[in-house]
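Note that my numbering has the sequence shown beginning at 160, numbered continuously upward.
We treat Cβ as the ideally placed atom computed from N, Cα and C, and that holds for glycine.
Remember, it's a predicted structure, so these values are computed and weren't measured experimentally.
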Amino acid sequence: MGFHHLSGCDHENQPGAVRSGQDRRRDPAAADALHYDAPSLQHCCNRLHSQSGLLHECRLRSGVQLHECIGHQRRGHSGHVCVPDRHRQRPVRLCDSGKPVQGRHRHRPHPRHAFHLEAHLRQRRLVGGITVRRLEVSKLVIYLLLFAFTLMVLVPLLNLLALSFTEPGKAHLMGGLDIIPKGFSTLNYELLFANPLITGSILNSVWITVAGTALNLALTSMAAYVLARNEFAGKKFVLFFLIVIMVFEPGMIPEYLLIKDIGLMNTLTSLILYKAVNVYYLFILMRFFQDIPEEILEASRIDGAGHFRMYSRIMMPLSKPGLATLGLFYGVYHWNEYFRATLYISEPAKWPLQVVLRQFVVRKDNTSLIGSQNMFDSSIHFDFAALQAGTIIIAIVPLLVLYPFILKYYAKGALEGGVKD
């Protein structure tokens, strides 16, 4: 049950023109028929008539809902006339006293039809309610799981931060889930930064990270440009060789013998040169360079640009997301490296921060932690657990500060570095 739509005025019980044929105004329309004016709905008429095989000159349609193609129109133009469905006992009248009128109300549907309609609506409400509840429950479960995982990551970090700022005499009162210091104090950090081993290791880590990352990005980007945008003899063999060494890396003994033979033992250069070009990162950057349109490079060649100018002025600026992503990967690797530092460097003055942290946390070297000059000073109160927590925070903070500045490039680069259509 519903209202059919006829062209004309859409005000209830108000006169308006109704067409049911060529040059026929204010004539009684046929029952259960749809009428529309040809000039304003010619495009809709053609589509509707094409479905039934009737010619577009016909002005009479029945059983078709025109509201799908008739939009709401302004006052003064062709609108909708609401006509109730045919009554079981009397026909629909569109004229009263020679004037066209609209239906005042809908006739009541047949009781049997009303029962089926009500049952259908009730079932739709029931199914819709169940679906909405399931969606709400699933979202709630997802949010609870994400919140639990977030707590699992943040609580240990906040506990270390609170322990590092706790007064040394109250550090034993801190539990594993406490995130508020027991008496705020900066004595632990004062002792750590007063230790030359700590400050020297921080400077060593910063130098290794900055120099190593810069060298990695320079060599990786140059190799990626040559392999991605140039054709030369033996290119397929070079790519095959890179894949082989990526899968089958050399062992630790050949690396140690190579570092020893070239005289890089006990030097920070041995840590900077290691993995100067990561093959996996090389393939990622090659993908970025391949996505740059060839027309740009062709235009630069016409202008007389050489390979170095195209590499520095075109490829590098257009690949900032990829370079930022690889820079983050290389930087985190150099900052966290400690295993090869323990193999190649034996002098404590050249240790990076991660090696010093390992000495404190794993080997319990408390003398190196606070310095031999403070070890037997009774006027200084310290707690080794709080000092170890402060050392861990010092090692974590640089990465936490760096992440927000690279995160926007990292997210974009991680998506664009994948396979594209």
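Assign His493 to buried or exposed, taking buried as 16 or more other Cβ atoms, counted over all protein chains shown, within 10 Å of its Cβ. Buried.
Using C-beta distances below 7 angstroms, list every residue in its chain close to Gly328, excluding the 5 sequence neighbours before and after it, in chain order. Taking C-beta separations shorter than 7 angstroms and ignoring five residues to either side along the sequence, the partners of Gly328 in its chain run His540, following chain order.
In angstroms with no decimal places, state the Cα-to-Cα distance between Leu561 and Ala554. Cα to Cα, the separation comes out at about 13 angstroms.
Which of helix, strand or coil DSSP assigns to Thr325: Strand at Thr325.
Assuming Leu548 and Leu322 are in contact, meaning their beta carbons sit under 8 angstroms apart, how far apart are those beta carbons, in whole angstroms? The displayed chain sequence assigns Ala, not Leu, to residue 548. Rounded, the Cβ-Cβ distance is 4 angstroms, consistent with contact.
Can you give me the C-alpha to C-alpha distance between Asp135 and Gly463, rounded to a whole angstrom? With the chain covering 160 to 580 only, the question about residue 135 has no answer from this structure.
What is the rounded straight-line gap between the Cα of Leu512 and the Cα of Gly393? If I take the Cα positions, the gap works out to 43 angstroms.
Can you tell me which of the three DSSP states Phe407 falls into? Three-state result, Phe407: coil.
For Phe564, the three-state DSSP class (helix, strand or coil): Of the three classes helix, strand and coil, the one that applies to Phe564 here is helix, per DSSP.
Does DSSP put Phe467 in a helix, in a strand, or in coil? Reduced to three states, the DSSP call for Phe467 is helix.
Count the other CB atoms, across all protein chains shown, that sit within 10 Å of the CB of Thr358; report buried if there are 16 or more and exposed otherwise. Exposed is the call here.
Local conformation of Phe543 per DSSP, three classes: If DSSP states are grouped into helix, strand and coil, Phe543 belongs with the helices.
So, for Leu485: in the same chain, excluding its five sequence neighbours on each side, which residues have a beta-carbon less than 7 angstroms away from its beta-carbon? Contacts found: Leu376, Thr379, Tyr440, Ile443, Leu444.
I need the boundaries of the alpha helix (DSSP H) containing Asn375, first residue and last residue. Per DSSP, Asn375 is one residue of the alpha helix (DSSP H) stretching across 355-388.
Give me whichever residues DSSP pairs with Phe343 in a beta bridge. DSSP output for Phe343 lists Thr325 as bridge partner(s).
Rounded separation between Leu546 and Val365 - CA only: One alpha carbon belongs to Leu546, the other to Val365, and they sit about 21 angstroms apart.
Coil, strand or helix - Asp450 by DSSP: DSSP places Asp450 in coil when its eight states are reduced to three.
CA-to-CA distance, Phe448 to Ala383, given in whole angstroms: Distance between the alpha carbons of Ala383 and Phe448 is about 7 angstroms.
By Cβ distance, which residues of its chain are closer than 6 angstroms to Asn347, with the 5 residues on each side in sequence left out? Excluding sequence neighbours, Asn347 sits near Ser323, Ala545, Leu546, Gly549.
Quick one: what's got a C-beta closer than 8 angstroms to Met475's C-beta in the same chain, skipping five residues either side? Closer than 8 angstroms at the Cβ level, and outside the excluded window around Met475, lie Ser380, Leu482.
Decide if Gly180 is buried, meaning its Cβ has at least 16 other Cβ atoms within 10 Å, or exposed. The predicted model places Gly180 with a pLDDT of 48, which falls under 50 and marks its position as unreliable; any figure quoted below should be read in that light. That one is exposed.
Residues of its chain near Arg499, where Cβ-Cβ distance is below 7 angstroms and the 5 sequence neighbours each way are ignored: Non-local beta-carbon contacts of Arg499 in its own chain, meaning distances under 7 angstroms to residues more than five positions away in sequence, involve Leu430, Tyr433 in chain order.
Based on Cα-Cα distance, which residue from Leu559, Val556, Trp510 lies nearest to Leu362? For Leu362, the nearest C-alpha among the options comes from Trp510.
For Tyr470, which residues from the same chain have a beta carbon less than 8 angstroms from its beta carbon, with the 5 sequence-adjacent residues on both sides left out? Excluding sequence neighbours, Tyr470 sits near Ser380, Met381, Tyr384.
Presumed contact (8 angstroms Cβ cut-off) between Ile127 and Leu319, rounded CB distance: Summary: the structure shown does not reach residue 127, with the chain confined to residues 160 through 580, and so no result is reported for it.
Sub-7 angstroms separation of Tyr503 and Ile412 beta-carbons: Result no, Cβ atoms of Tyr503 and Ile412 do not sit closer than 7 angstroms.
Would you check if the distance between the CB atom of Leu477 and the CB atom of Ile461 is smaller than 7 angstroms? The Cβ atoms of Leu477 and Ile461 do not sit closer than 7 angstroms to each other.
Buried or exposed for Phe519, please, with buried defined as at least 16 other CB atoms from any protein chain shown within 10 angstroms of its CB. That one is buried.
Within the same chain, show all residues whose beta-carbon is closer than 8 angstroms to that of Leu456, passing over the 5 residues directly before and after it, in chain order. For Leu456, where only same-chain residues beyond five positions count, the Cβ hits under 8 angstroms are Arg388, Met469, Ile473.
Euclidean distance between Cα positions of Gly342 and Glu326: C-alpha separation (whole angstroms): 5 angstroms.
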